[in-house]
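Trainee: Quick note: the sequence shown uses the UniProt record's numbering, first residue 1, plus one each step.
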Amino acid sequence: MALLKIRNLTVEFDTAQGPFRAVDGIDVEVEEREVLAIVGESGSGKSVSMLAVMGLLPPTATITADEMTYDGRDMLKMSGRERRQIIGREISMIFQEPISSLNPSFTCGYQIEEVLERHLGLKGKAARKRALELFESVGIPDPARRLKSYPHQLSGGQCQRVMIAMAIACKPRLLIADEPTTALDVTIQKQILDLLMKLQEEYGMGLIMITHDMGVVAETADRVSVQYKGRKMEEADVLSLFENPQHPYTRALLAALPENATGDRLLTVADGWEGVQ
1 MALLKIRNLT VEFDTAQGPF RAVDGIDVEV EEREVLAIVG ESGSGKSVSM LAVMGLLPPT
61 ATITADEMTY DGRDMLKMSG RERRQIIGRE ISMIFQEPIS SLNPSFTCGY QIEEVLERHL
121 GLKGKAARKR ALELFESVGI PDPARRLKSY PHQLSGGQCQ RVMIAMAIAC KPRLLIADEP
181 TTALDVTIQK QILDLLMKLQ EEYGMGLIMI THDMGVVAET ADRVSVQYKG RKMEEADVLS
241 LFENPQHPYT RALLAALPEN ATGDRLLTVA DGWEGVQ
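(1) Below 8 Å CB to CB, which residues in the same chain sit around SER42 once its five sequence neighbours on both sides are set aside?
(2) What is the rounded straight-line gap between the Cα of GLN277 and the Cα of PRO248?
(3) Shortest alpha-carbon distance to VAL35 belongs to which of LEU56, ALA221, MET166?
(4) Contact check, residue 278 vs GLU90 under 8 Å by CB: the rounded distance?
(5) Buried or exposed: GLY109, going by 16 or more other Cβ atoms within 10 Å of its Cβ?
(6) Please state if the CB of THR107 and the CB of LEU134 are separated by a distance shorter than 8 Å.
(7) At what residues does the alpha helix (DSSP H) containing ASP194 begin and finish?
(8) Which residue marks the beginning of the beta strand (DSSP E) containing PHE20, and which one marks its end?
(9) Measure the Cβ-Cβ separation of MET166 and VAL238 and say whether it is below 8 Å.
(10) If you run the structure through DSSP and keep just helix, strand and coil, what is GLY121?
(11) The alpha helix (DSSP H) spanning GLY215 covers which residue range?
(12) Just to check my reading of the structure: ILE192 and PRO151 have Cβ atoms closer than 8 Å, yes? What is that Cβ distance to the nearest angstrom?
(13) List the endpoints of the continuous alpha helix (DSSP H) containing SER47.
(14) DSSP state of PHE135, grouped into three classes?
(15) Which residues in the same chain have their Cβ closer than 6 Å to the Cβ of ASP14, if we skip the five residues on either side of it in sequence?
(16) Rounded to whole angstroms, what's the CA-CA distance from GLN189 to GLY215? Just pull it up for me.
(17) Along the chain, where does the alpha helix (DSSP H) that runs through GLU242 open and close?
(18) How close, in whole Å, do the beta carbons of ALA131 and GLU117 come, if the pair is a contact with beta carbons under 8 Å?
(19) Give every residue of the same chain whose Cβ lies closer than 6 Å to the Cβ of ALA52, excluding the five residues on either side of it in the sequence, and list them in chain order.
(20) From this set, TYR70, ARG81, VAL39, GLN160, which residue's C-alpha is nearest LEU119's C-alpha?
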């Protein structure tokens with residue numbers, strides 16, 4: 001049985017210009033201990049589809065699906081209370097832009113201890129001890145001092161590690177990582193990816209990696225789902241996708257990689273792709 005299973009997910013937003021469909025009939029399925037990469041350009045509905053799962057879209061969003069189950073439980077029929085017992089504990093998400101995702105008014109230690117109290121009932125010294133262990137596990141230097149730091153006092157890479165520590169605080173079964181390395185320099189990107197894969201293996205989590213970076217896909221994924229304008233173009237295991245992509249859009253994405261450049265000009269996706277009819 002799939003850990004997360006979604007069939008025909010659609011998300012529409014009410015706008016001044018009328019309804020806008022950001023996700024159009026997406027299917028998603030991920031097993032325990034599996035890494036699923038969801039790839040595509042900005043605006044392809046990658047983040048919106050996962051925010052719909054997390055229940056984090058604004059009231060202007062209309063979400064429909066034929067099926068949305070987690071561990072066999074119907075998420076579409078859950079009450080708000082039942083959903084909150086799962087989200088943050090069994091299903092966690094690492095958001096884009098770690099500095100803006102943390103509350104600037106509270107210390108990093110307070111924010112992670114809040115998660116531990118809400119989901120695990122830990123308070124006081126017990127919560128502080130667990131927070132310290134989490135900071136150590138994600139490689140934050142001088143963790144005792146960093147617990148007392150505010151987000152603006154940390155680097156981007158350290159803030160991302162804080163976000164990862166918060167996401168794994170309750171040892172979730174499913175972790176969604178939304179462009180986890182986008183705002184970081186290349187050296188830190190590698191460290192964060194290595195950390196995520198280490199934690200995924202250690203905890204046996206299912207991992208959904210949202211990215212536009214095909215290099216990240218090649219390094220981390222078991223399966224790949226390619227999206228374009230809210231629709232799924234192709235899904236395959238990672239080796240098959242790179243060696244024999246079936247859809248023109250997937251081929252265009254791969255052709256746009258720097259290592260696949262020919263001649264003096266780097267190809268863009270538009271060079272090999274005229275759109276979906």
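Even glycine gets a Cβ: it sits at the ideal position worked out from N, Cα and C.
Small disclaimer: the values here were computed from a predicted structure and weren't measured.
Mentor: In short, the structure shows the following:
(1) Cβ neighbours of SER42 beyond the five flanking positions: HIS212.
(2) Because the pLDDT at GLN277 is just 39, under 50, the model does not fix this residue reliably, and the value given afterwards should be weighed accordingly. About 12 Å.
(3) Selected option, being the one with the closest Cα: ALA221.
(4) The chain is shown only over 1 to 277; residue 278 falls outside these bounds and no answer can be derived.
(5) Counting Cβ neighbours within 10 Å, GLY109 comes out buried, since at least 16 surround it.
(6) No, the Cβ-Cβ distance between LEU134 and THR107 is not below 8 Å.
(7) ASP194: member of the alpha helix (DSSP H) spanning 186–203, first to last residue.
(8) For PHE20, the enclosing beta strand (DSSP E) covers residues 18–30.
(9) Contact: no.
(10) Residue state, collapsed to three classes: coil.
(11) Looking at the DSSP string, the run of the alpha helix (DSSP H) that includes GLY215 is 214–220.
(12) In fact, because the Cβ distance is near 16 Å, the residues do not count as touching under 8 Å.
(13) Counting along the chain, the alpha helix (DSSP H) containing SER47 begins and ends at 46–54.
(14) It is helical.
(15) Taking C-beta separations shorter than 6 Å and ignoring five residues to either side along the sequence, the partners of ASP14 in its chain run THR60, following chain order.
(16) About 11 Å.
(17) In the sequence under discussion, the amino acid at residue 242 is Phe, which differs from the Glu named in the question. Counting along the chain, the alpha helix (DSSP H) containing PHE242 begins and ends at 238–243.
(18) Beta-carbon to beta-carbon, ALA131 and GLU117 are separated by about 10 Å, too far to satisfy the 8 Å threshold.
(19) The residues are VAL11, ILE63.
(20) Rather than Leu, the amino acid found at residue 119 in this sequence is His. Taking only the C-alpha atoms, the option nearest HIS119 is ARG81.
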